[in-house]
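Worksheet: the structure to be examined is printed underneath.
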């Protein structure tokens, strides 16, 4: 079976972070192999967010954002990841600049 559509994934997701569903569970529900499909499922979820859906994630999986608490917690998580990536960029840039030739 092909990767599910945005509307199919949104209909399957549960509301609230405590009801998060993993990419593997999404794959099993739609009878698709989870081998390598997680990236494709994440891409569909990114597309859904780009189209106005309120979808969050934790290390437990994906969920429909239920309230301001879910929203704020997910935003803080994204900001933290952004900051960590920025730090990694800075370290790599410094390492590259200071490399031994």
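Numbering (my numbering), first residue to last: 1060 to 1160.
Positions of the beta carbon are idealized from the N, C-alpha and C atoms, including for glycine.
Remember, it's a predicted structure, so these values are computed and weren't measured experimentally.
{"Query": "Straight-line gap, residue 1146 to residue 1156 (C-alpha atoms, nearest Å)", "Result": "15 Å"}
{"Query": "Beta bridge counterpart(s) of residue 1156 as assigned by DSSP", "Result": "DSSP lists no partner for residue 1156."}
{"Query": "Stretch pair the region 1075 to 1089 + the region 1107 to 1126: three plus CB contacts closer than 8 Å", "Result": "yes"}
{"Query": "Beta carbon of residue 1120 nearer than 8 Å to that of residue 1079", "Result": "yes"}
{"Query": "Segment contact flag, the region 1134 to 1146 with the region 1085 to 1105, C-beta cutoff 8 Å, min 3 pairs", "Result": "no"}
{"Query": "Cβ-Cβ distance between residue 1065 and residue 1110 below 8 Å", "Result": "yes"}
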